[in-house]
Structure formats: C-alpha cells, structure tokens
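Encoded as structure tokens, the structure appears first; notes follow it.
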DNA sequence: GCGTATTGTGTACAACGTACAAGTAACAGC
DNA sequence: GCTGTTACTTGTACGTTGTACACAATACGC
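Protein chains in written order, with our numbering: chain A, 1 to 251; chain B, 1001 to 1251.
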C-alpha cells in the first residue's frame, strides 16, 4: 500500500521533495537520470539488456544504489514507459474526418514503437498510472469525438486500435530480438531451413500451403518492406471501425 | 546446420530411429514424454515454470538428462507448440459463407489459447516448422477459398486474423500472469490504486479520460466478461476483411 | 563535536540454461 | 563370460538475474 503510494508519487512528482533543508548525505543521482539511463540502454541494446546491474554500471554506481531511487525493477520499467508516453507528440486535428484522426493516433503509436521497440514488449495490463499515460489516453479518446460512439464503445474501439499497433510492433520486436540473439537475420533463418524442410515436406499433402507459402515467401524475399503487415492490418482495422461508426461519424 | 536437421527431424519423426538393434544403454524416456511433461507443466503453472530443472524433476530425472532427447530449451518449446498445433480440431465447412469459415478459424485458435494460454506468449516469428504448423496453415488457408484473394493477400489476411486472436490471448495471458505473480487480481490492483490515484489526478485536465475511464471501469466492474475485448475485436476484424473481400466472396 | 537521517556499498541467496567430464548400462564380437 | 563400443545418465561448475540485509560514508541540526 505504501509501495503503491511511492510509485505513483514517483510518476507524478519527478522532482521529489522540494530542495533546501535535507538532512543526510546528498544524493549522487536523480530518479530522472536512472530512468533516462534505462531508456537509453533499452534503446541501444534492447529490454533484456536493462538489468539493475547494467543500469547501475552505466551510471557509475553499484547495483544496490538504484534501490534508493526506485523501489524495484518493475517500477523502473513503469517510469520508463510513462516517460515515453509523456514525450509523444500529440497533434490535434479536430477538423479532419475521423478516419484521418484515427490513422494519426495509430501513426503516433507506431512511431513510438519504431523509436523504442522495447516499449511494445511490455505488458499492457496494469499500465503505469502516470501523467504520460493519462495525457495519451485523453488525447487518443478525443480522436473519437463526433463518431457517435457511447463511452464504453469508444474505450473498446481505442483499445482495439492501439492493441493492433502494439501487436504489430511486438512482432517486429520479436524478429529483431531473434536476430540479435542468433546473429542471423530472419531471411537467413528461412534460407537455412528451406533445403532441410523440403526433405520432409510433402507438397501433395499441403497443396494450398505450398502454393501460398511460396507466393508469400517470394513476395517477402523480393521487395519486402517490413511495414507491410502493419499497413495491411491498419487498413483492415480502420475499415472494421468504419462499419461500426458508419455514417454517424459526420466529419 | 546439423542442429537445424536435428530439430526438424524431431518434429517430423517423433519416434526417432526404428526399434530393434540398438547399441548402448536403453533410454529411460522418450522425446514425446519430455514434450508432454513440458506441456502439462506449462498448462498447470505457466510458461515461466517450464525450466529444464523443473521438467526434469517432473520426469524423475536430473536436468542434464533432458539434453539427450532435446537439443536445448528453445527446441523443446518448438516441439511443445507444434504438438498443440497438431492436436487442434480442424472441421471443414466448405459450404458455409466465408465469414463463418473465418470465424471458425478464429474460434479454433481462440480455443487453443484458452486451453493453453502460454502458447500465445511464444513469439510468432521463426515458428516450429513441423507437421502441426503445416496442417494448421493448410487448413486455415483453405478457409479463404472462393474469397477472390490472390495468394499474397490471402496469406496477409490470414496473418492478420490469426495475429489478432493471438494478441487478444496475450493480453489475457498477461493478466493471468500478473495475478499469479502478485497474488491479487486485476480488479484488486485497480481498487488499491484508485484512492491514491485520485489524490494526484486532476479531473479538469483530463475530462474525456475521466468520463470514459469511469464508464469503461464501471462496465468492467459490473458485468464484465473477460472475452469482451475479443468479441468486439473479432467483429471489427471480420468487418475489415469484408471490405477487402467485398462481393467477390460468393459463398 | 555529536546524534541522526540519508545515501552508497559489499556480500549473499536461489534460480536460470547448459558446457564438460565422469559414471553406468546394454549390446557385438570373441 | 570377457572386453570394447556405444548410448544414456549424472554431478559439478560458470555466469547471469533481482534484491534482502548489514554496514560504511556523508551531511545537516543542535
């Protein structure tokens, strides 16, 4: 319970107690510096590089020192994520049609995950209840203004839209993580397995898979842009929401 | 390279070498038993309980023994997942309209993840190239027959549909994992934070968030069914694919 | 200078995947 | 039955993780 209070205070009051009359030894770091070191490390080497030991090392300090500034690792991750949310650009387009507004929201999230792929791999449940998330939530809900949706449906639609963007980003983060772990690209992974696979694979047993898999594989090999699944999916998502909003979305 | 061959052989030839004239000490286990122990453990206690030590313990054997049957842990996870795929029921409905066929495919995947939530948390890239995945892929592609989609689009549409179901299942798995880790439900988590949160939260600064969040929160507290986000999302996904398939999907 | 509050450090534990070397059981040929 | 070969089993060891706990260092109010 006091733990809850502690973390929420850290989120909302990044500067802590007012300066001046403080008793003991002077702190050598700040919460902000710890959070920034975590973000920088995650950006550079991925979330799995963010260990308490490694963050401490980046700050020239012994691991346990971090626990003076942050209750535990999960709180640090919360602070990192809310910080990203807080820094997202939030352009308002009240005069644009709803589809463009939703596409903009999706694009903002997409950009977040492109810049910080690790953010997509954090669980969406029990989010950081900080100023970043609140500003993001407020902003994104307003993109659904004048769509004729009741509040519960508005929230569900936003969750659906955001969830799609995060899922797409997770897939791409999975690919990158596997490439970093193994040192070989996805393309090399498939190329290495192709010959072995054909030895055990019966084309007549899986005719559709053979044909479609070959088409999809060569399309991917030829002019593959990694954002294709995202572009395709986003169009479907917006079409799906269009069927819900219908003509009620006047603008 | 030989490693690749080894894993693919394990996937496609579960019984290994033919019985009879074998030289050394008789194996006390089989690959199948190891895989089944892994699945049982993941079903019972979640994927994070599936350590080599723990699986070995379930089989009454020392951890390193498993490495005789399985190259490493990631191969074990591949075998576990392909086994699930292989056992999925695959009812064909060639005479049904396309929307029902896609809904059936989604439902089959949904049921997989309901029964084995840990399967949704495994990365979708670099999948297990075994008989289970191939049968699943073939079956699910055929649900798109007579939709008028070219092969590349058919694959993209299937990936989109399956990706949505997996993402929804991941969210629910995240919730369950958090509940198992902390010992308190999501509802309790929000209840505990509510009072603290209101101390720092400015309702006038986030009017839409306040109103919609309260509506969504009380709707969730009142008559919440956990599958709501899935049902809502699936309807949007199918509507989105409908806009793509249009009237070309004759049946 | 002294007590006290605060920050920084060192050590320790249990868990993880798995490399490596040694031990053990079962067969083939003699 | 004996021995050599092969395969399965085991014990030990390393480096990694988050963090509990006891203690050392520092700065302020008095």
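Cβ atoms here follow ideal geometry from the backbone N, Cα and C, with glycine treated the same way.
Small disclaimer: the values here were computed from a predicted structure and weren't measured.
Q) If residue 88 of chain A sits next to residue 112 of chain A, beta carbons under 8 Å apart, how far is it from one beta carbon to the other, in whole angstroms? A) 6 Å
Q.
Which residue wins for smallest C-alpha separation from residue 177 of chain A, given the options A/22, A/47 and A/76?
A. A/47
Q: With 9 Å as the C-beta to C-beta threshold (strictly closer), list the residues of the region 95–123 of chain A near chain B in chain order.
A: 123
(Q) In this structure, how does DSSP classify residue 1144 of chain B when only helix, strand and coil are distinguished? (A) coil
Q: Indicate whether at least one CB of chain B lies closer than 7 Å to the CB of residue 156 of chain A.
A: yes
Q.
With a threshold of 7 Å between beta carbons, is residue 169 of chain A in contact with chain B?
A. no
Q) chain A beta carbons: is any one of them nearer than 7 Å to that of residue 1219 of chain B? A) yes
(Q) For a cutoff of 7 Å on Cβ pairs, would you count residue 1251 of chain B as touching chain A? (A) For residue 1251 of chain B, the predicted model reports a pLDDT of 49, less than 50, meaning its position is unreliable and no value from the coordinates is stated.
Q. Do you know how far the Cα of residue 77 of chain A is from the Cα of residue 1052 of chain B?
A. 28 Å
Q. Okay, do the region 150–166 of chain A and the region 1212–1219 of chain B touch, 3+ Cβ pairs below 8 Å being the bar?
A. The count of Cβ pairs closer than 8 Å, one atom from the region 150–166 of chain A and one from the region 1212–1219 of chain B, reaches three, so the stretches are in contact.
Q: Use the C-beta contact count for residue 1191 of chain B: other C-beta atoms within 10 angstroms, 16 or more gives buried, fewer gives exposed.
A: exposed
**Q.** residue 209 of chain A versus B/1100, B/1228 and B/1142, residue with shortest Cα-Cα distance
**A.** It is B/1142.
Q) Could you give the distance in angstroms between the alpha-carbon of residue 1207 of chain B and the alpha-carbon of residue 91 of chain A? A) Rounded to whole angstroms, the separation of the alpha carbons of residue 91 of chain A and residue 1207 of chain B is 18 Å.
Q.
Whether or not the region 95–113 of chain A and the region 60–75 of chain A are in contact is what I'm after, with contact meaning three or more pairs of Cβ atoms, one per stretch, closer than 8 Å; do they touch?
A. no
Q. Excluding five sequence neighbours on each side, which residues of the same chain lie with their C-beta closer than 8 Å to the C-beta of residue 1179 of chain B?
A. 1185 and 1186
Q) How is residue 26 of chain A classed by DSSP in three states: helix, strand or coil? A) coil
Q. If residue 1237 of chain B sits next to residue 1164 of chain B, beta carbons under 8 Å apart, how far is it from one beta carbon to the other, in whole angstroms?
A. 5 Å
Q: Assign residue 166 of chain A to one of two classes, buried (16 or more other C-beta atoms within 10 Å of its C-beta) or exposed (fewer than that).
A: With 16 or more Cβ atoms within 10 Å of its Cβ, residue 166 of chain A is classed as buried.
Q: Determine the direct distance from the alpha carbon of residue 1023 of chain B to that of residue 168 of chain A, and round the result to whole angstroms.
A: 50 Å
(Q) On the DSSP letters alone, give me the boundaries of the alpha helix (DSSP H) that residue 1052 of chain B sits inside. (A) 1052–1058
Q: Using a Cβ-Cβ cut-off of less than 7 Å, give me the residues of the region 127–138 of chain A that come near chain B, in sequence order.
A: 129, 134, 137 and 138
Q.
Against chain A, with Cβ distances strictly below 7 Å, would residue 1208 of chain B count as a contact?
A. At a cut-off of 7 Å, the C-beta of residue 1208 of chain B has a neighbouring C-beta in chain A.
Q.
Output needed for residue 1175 of chain B: all residues of its chain with C-beta closer than 6 Å, excluding positions within five of it in sequence on either side, in chain order.
A. 1186
**Q.** Sub-7 Å separation of residue 1083 of chain B and residue 1035 of chain B beta-carbons
**A.** yes
Q) So, using beta-carbon positions, are residue 1041 of chain B and residue 1049 of chain B closer together than 7 Å? A) yes
Q) Quick one: complete alpha helix (DSSP H) runs, 4+ long, within the region 1056–1124 of chain B? A) With a minimum length of 4 residues, the continuous alpha helix (DSSP H) runs that stay inside the region 1056–1124 of chain B are 1073–1087, 1098–1115 and 1117–1120.
Q.
Can you tell me where the alpha helix (DSSP H) holding residue 1015 of chain B begins and where it ends?
A. Where residue 1015 of chain B is concerned, there is no enclosing alpha helix (DSSP H), given that its DSSP letter is neither H nor E.
Q | Selection from A/75, A/69 and A/121 that minimises the alpha carbon distance to residue 43 of chain A | A | A/121
**Q.** Exposed unless 16 or more other CB atoms sit within 10 angstroms - verdict on residue 966 of chain B
**A.** Chain B is shown only over 1001 to 1251; residue 966 of chain B falls outside these bounds and no answer can be derived.
Q) Can you list the residues of chain B that residue 232 of chain A reaches, using a CB-CB cut of under 7 Å? A) 1156 and 1160
Q. Any idea what DSSP makes of residue 1205 of chain B, helix, strand or coil?
A. coil
Q.
For the alpha helix (DSSP H) containing residue 1043 of chain B, name the first residue and the last one.
A. Taken as a continuous stretch (DSSP letters only), the alpha helix (DSSP H) holding residue 1043 of chain B covers 1031–1045.
**Q.** Sequence-distant residues of its chain with Cβ nearer than 8 Å to residue 102 of chain A (five each side left out)
**A.** 143, 144, 161, 238 and 241
**Q.** Beta-carbon contacts of residue 93 of chain A that lie in its chain and below 7 Å, excluding the five residues immediately before and after
**A.** 100, 101 and 104
**Q.** residue 1240 of chain B: first and last residue of the uninterrupted alpha helix (DSSP H) it sits in
**A.** 1228–1245
Q: Spatial neighbours of residue 1038 of chain B within its chain, please: CB distance less than 7 Å, with the 5 preceding and 5 following residues excluded, ordered by chain position.
A: Closer than 7 Å at Cβ, skipping near neighbours: 1050, 1055, 1076 and 1080.
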